[in-house]
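Only one structure is covered here, and it is reproduced in the block below.
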Amino acid sequence: MKELLMAVVLAISPAHAGTAQTVKVYFSKGFGIPGKTVAVIRKAPDRGVARFSVEQLINGPTKAEKSRGLHSELGAQIRGRSDCGADFQLKIASGTATLRFCRTVYGLGVGGDARVLHTIGKTLLQFKAVKKVVTLDKEGRCLFDQTDAGTSCLTGHE
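Shown next, in the form of structure tokens:
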């Protein structure tokens, strides 16, 4: 249990507490499936850098980044009441980052959904403690999974 707690702390905290750390946020460029991504740098607070990275992805690119053709389809698709008091919950354990949205995330069709999942995955996989990303909707189903079970992201059959 102690090792698991250490892995979570290392994944979401910088090496030197009290100092800002730079992180990458991956935005889409173009509209391919899943599309090209471009990393931009953000200065994160001294704690919760993985959470901060997802928040930045939701906030979207700056005006200057938009002028370079970068975009995020995620933020505008998150709507409704939260069941956890925030847009999402993020847990990192045993090499898996589990991102569960606490508000409804509306899909944009196959292309947009693929780009959203791709940018989330790339953004979270930058952290050494993260080897796999699982993205869940408000009900705990794999985000954008339209199958009856809704578990493709858990089984690896996406």
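According to mature numbering (1 follows the signal peptide of the UniProt record, and there is no 0), the stretch in the sequence shown is residues -17 to -1, 1 to 141, in order.
From the three backbone atoms N, C-alpha and C, an ideal C-beta is built for every residue, glycine too.
Valine 21 and phenylalanine 110 have their alpha carbons spaced roughly 17 Å apart.
For the pair threonine 102 and serine 55, the CB atoms are nearer than the 8 Å cut-off. A straight-line Cα-Cα distance of about 25 Å links glycine 18 and aspartate 70. Here threonine 106 is actually not in contact with leucine 53; their C-beta atoms are around 13 Å apart, not less than 8 Å.
Residue state for threonine 106 is assigned as helix, using DSSP reduced to three classes. Counting the other CB atoms within 10 Å of its CB gives glycine 123 a total below 16, which places it among the exposed residues. In the three-state scheme derived from DSSP, where H, G and I count as helix and E and B as strand, isoleucine 41 is classed as helix.
Threonine 81 is a Cβ neighbour of leucine 119, given a cutoff of 8 Å.
The three-state secondary structure of threonine 134, taken from DSSP, is coil.
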